[in-house]
Amino acid sequence: TGCSDSSSISSVILFRGDGLSCCYHAKDNLMCRDVCEQILSSKSDSRLKHLLQRAPEYCPESMVRFSCYCNMYCNFIFKGVLKKSDGWVGLGCCELAIAVECRQACKQASSKNDILKVCRKEYEVLGSICCSYAGHHTNCREYCQAIFRTDSSPGPSQIKAVESYCASISPQLIHCVNNYTQSYPMRNPTDSLYCCDRAEDYACQTACKRILMSMKTELEIVDGLIEGCKTMPLPQDPLWQCFLESSRSIHPGVTVHPPPSTGLDGAKLHCCSKANSSTCRELCTKLYSTSWGSSQSWQEFDRFCEYNAVEVSMLTCLADVREPCQLGCRNLSYCTNFNNRPTELFRSCNSQSDQGAMNDMKLWEKGSIKMPFINIPVLDINKCQPEMWKAIACSLQIKPCHSKSRGSIICKSDCVEILKKCGDHNKFPEGHSAESICELLSPTDDLENCIPLDTYLSPSSLGNIVEDVTHPCNPNPCAANQLCEVNRKGCQSGELCLPYLCVPGCKLGEASDFIVRQGTLIQVPSSAGDVGCYKICTCGHTGLLENCVEMHCVDLQKSCIVGGQKKSHGTSFNIDCNVCSCFAGNLICSTRQCLTEHSSEDERRKFTGLPCNCGDQFVPVCGQNGRTYPSACIARCVGLQDNQFEFGSCISKDPCNPNPCKNQRCIPKKQVCLTSFGKFKCSQHECVPRQLNCDQTQDPVCDTDSVEYSNMCTLYQKGKNLAYRGSCQPFCKSVEPVCGHNGETYSSMCAAYSDRVAVDYYGPCQAVGVLSDYGFHTECAFVKCPQLSAIGCKPVIAPGACCPVCAGMLRILYDKDKLDNFAKVTNKKPITVLDILEKLRLHVSVPQCDVFGYLSIESEIVILIIPVDQKPKPLQIEACNKEAEKIESLINSDSPTLASHVPLSALIASQVQVSFSISSPSVKVGPVLHCLFISFSFTLLKLMYYI
């Protein structure tokens, strides 16, 4: 609207249809609506300038924004180029942008890309306007929103999905999206990198990738490809065919060529195997594998699967991929009752959902709520229970989710109540009542599986204490091709220090919003989409998955027979006191010692609770897997032969004496291996060249004199000995041994933390924690535990440990065969406990909590999510509990959020135990409750390199 050339004026007219829909939002203010329509239809530059300058006098600011968003973004940003000479632009729509930075960029821009870099929030609002036409057609809304979320050009398949699926739902939505996509700047050249693999000549493939990553304009790229590949752009050539098709706008009939390694969305394709019905499994596979399927396929999926309670596993999985549950909600301007909730989980707490809820309310005001399979007539929602309707609209958009079920549906009783009071019963579909409609929409009142509306009918009363828990990555501050991670390492002096890091990543398919870290190994379903067939790929520096290796298919139909009963794949259950899981026909159980109801009194008296009912004497032995066991009895019980362990703790052994590295330097590297040490040697050292000059890598280490070095090379060049990895800490200067939860004696607290092991008690390890209430003689009785200040804190005791701790605790079963396969097809190195901990750590989004863990004497991986502050507040303890519950749920449901990551996909079952519970985070808490180890200064952990 602010461009003086005739093409810009004509673009206003072309856009008039959607602009008028924007003007509709001013329907209660006739003068404002009239000005809005005149702006959109004006053919005179001078008249247009006059109207834009006068608009604020006629319209409240919020209404003007609606009428101008459609113009400003389609004309100022997407059509043509702004000129600095058009100074009057700032008097119009530029002033109506929400963000100050965007207003400034709009005024000063010399090109549309100048604004594209800054006005990200404005796109979200425009997207919510376009996508509101989808109503509650979930897939249509989802793919519409994906168009506006990305910082780079929308992919061809994303555009195709909107066209194919939304055409029959809302022509207005298609028109609105087309005005955005058809005038969008040229696609990022790297979006076409997959085309390079179509070249038959390897030199051409290499040249193609180099050109697309280094050149920007289409002319440069075409010239570069002609020179690099020594070929003219013939349409029959596979490389040129793919490149040219990926560059042009998609129209019906154009073939789309997605990257071949993942399908269109490898993460969602993973969810298809969870469908209960073959119909939904086939539809899901068709939609997310190599083509979007037809419009009919989308409609069938929406109709038969999207709201089907029988398909809850698949639907929850898809929801995890679209919008993973994250702690915390804040800064909403419409759904304000959802703010200040730092220990509650939400899928979509952002300004776009906030705007979407307001748009939903405006649509419902027309008297009908449109669902894919039913339209629900309602009375005037502005007069009948308006606050409850607002809570419903906000809940459906913001999507609160419990840590266990992660579902996002309204509770049945709330649904029935609102429809009984406010449903237009005379217009209900024949044969339907409030109860029968709610049976379709909200079939449960289980508070673990539904959203109780009364929680959000009033504001949170937590007040200022919400700052005790922060969420640096929610909302996501990073670009669309980056992954947001909590910054636990701190910053070098002189650096801009942010609480988060934006790291390069890869999408799991052209149409996927699911990002994985660059350099990591990823598990994705095979290209054919066969259930149980996967491959392992690397997220490469090009932003694409590469070097994929097919894995052996797993028979997910294979069941286990337990006590004469059939247990299907993925089922977890208890056999006596042991947790078991059936994985592809293999029964995997913990090795806990159990008492049964038939146990005699004598058996109970002699029961120790340790594996194989071993005695609680502490005479440690070191297994070849690098794990110290409290006794030879326990080592034998977990399956080690006598020649596979030796007496003494593992940490007391010097793996570099004698030097096994010949002419290289030997560096101790303690690790506990989870893979079979018969197949993959669990070395406790590494060999490094004796370098004359060390590089400048910042990987701090501390020597035994408490002197810090920039990296290991520098320390050994000075002839010093390693005390622990990480920055030197003052409180570890005086060497005082501590006993870790893993039963290993460390030289200092810092040495334990560098292994990501939390401390059990001060002094050398002298006892093994007995896991039974029936043990009368336990050496833990002689251990002096740090005093626990625990008013309101119900501590947990980790398996094999003696002392309690305030933490969320997970006990996890894993599939060793799967880990062996991962190690075999990837780097041939063993997979360690530390590998698991470092990966899980990335899934904890609250900086006030951190991850520690070890392999238990019962062959489970024990994870402790512990508050890092010296005196953790109740909200911080609760947040750590929620993080533990969230991870437990993701493991037990085999969610792609975790299962896409190697080696986390080998975690098959988990039990959680939490140490503290606030009845409702939305209720103001009383006096501050402390749960801490005296002298255990977790605050200082944040200074360490590892934290």
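Following UniProt numbering, the numbering of the sequence shown begins with 1 at its first residue and continues without gaps. Cβ coordinates follow ideal geometry from the N, Cα and C atoms, glycine included.
Its Cα nearest to that of residue 469, the residue 845 stands out among 408, 422, 845. Cβ atoms of residue 779 and residue 894 stay farther apart than 8 Å, at about 40 Å. Note that the segment 847 to 865 touches the segment 793 to 800; at least 3 beta-carbon pairs, one per stretch, sit closer than 8 Å. Sequence-distant partners of residue 518 (beyond 5 residues in either direction) whose C-beta falls short of 7 Å from its own C-beta, in its chain, are 503, 504, 505, 506, 539, 541. Counting only unbroken stretches of 3 or more residues, the beta strand (DSSP E) elements lying wholly within the segment 820 to 896 are 849 to 855, 861 to 867, in sequence order. Under the 10 Å beta carbon count, residue 203 is surrounded by fewer than 16 other beta carbons and is classified as exposed. Residue 638 carries a coil assignment under DSSP once its states are collapsed to helix, strand and coil.
Taking C-beta atoms under 8 Å as the contact rule, residue 900 and residue 536 fail to qualify, at a distance of about 11 Å. A residue is called buried when at least 16 other Cβ atoms come within 10 angstroms of its Cβ; residue 460 meets this threshold and is buried. Exclusion of the five residues before and after residue 884 leaves 808, 810, 865, 912 as the residues of its chain whose Cβ lies within less than 6 Å of its Cβ. Annotation for residue 465: no beta strand (DSSP E) segment contains it, and DSSP assigns it neither H nor E. Taking the Cα positions, residue 207 is about 12 Å away from residue 195. Residue 648 places its beta carbon less than 8 Å from that of residue 620. In this structure, the beta-carbon distance from residue 319 to residue 347 falls below 8 Å. If you ignore the 5 residues before and after residue 402, its C-beta comes within less than 6 Å of the C-beta of 448, all in its own chain and listed in chain order. In the three-state DSSP reduction, residue 311 falls in the helix class (H, G or I).
In the displayed model, residue 665 falls within a strand according to three-state DSSP. The straight-line gap separating the alpha-carbon atoms of residue 345 and residue 198 is approximately 44 Å.
Between residue 268 and residue 310, the C-beta gap is not smaller than 8 Å, which leaves the two residues out of contact. No Cβ-Cβ contact shorter than 8 Å links residue 559 with residue 532. Nearest C-alpha to residue 480 among 744, 132, 148: 148. Here the segment 896 to 910 makes contact with the segment 831 to 842; the two share three or more CB pairs at distances below 8 Å. The beta carbons of residue 159 and residue 134 sit about 15 Å from each other, so the pair does not count as a contact at 8 Å. The straight-line gap separating the alpha-carbon atoms of residue 794 and residue 914 is approximately 8 Å. Between residue 374 and residue 395, the gap from beta carbon to beta carbon reaches 8 Å or more. Taken in chain order, the whole beta strand (DSSP E) runs of length 3 or more contained in the segment 470 to 509 are 482 to 486, 500 to 507. Two segments are said to touch when three or more pairs of C-beta atoms, one from each, lie closer than 8 Å; by this definition the segment 353 to 369 does not touch the segment 430 to 439.
In the same chain as residue 238, and ignoring 5 residues on each side of it, the C-beta atoms closer than 6 Å to its own belong to 198, in chain order. For the pair residue 665 and residue 701, the CB atoms are not nearer than the 8 Å cut-off. Classified as exposed, residue 689 has fewer than 16 neighbouring CB atoms from the shown chains inside 10 Å of its CB. Boundaries of the beta strand (DSSP E) around residue 703: 701 to 703. It is roughly 12 Å from the alpha-carbon of residue 390 to the alpha-carbon of residue 363. If you keep only unbroken alpha helix (DSSP H) runs of at least 4 residues inside the UniProt domain "Kazal-like" (606 to 652), you get 632 to 637. About 5 Å separates the beta carbons of residue 628 and residue 743, which is inside the 8 Å limit, making them a contact pair. Looking at the backbone, the Cα of residue 758 and that of residue 489 are separated by about 18 Å. Secondary structure note for residue 323: it is in no beta strand (DSSP E), with a DSSP letter that is neither H nor E.
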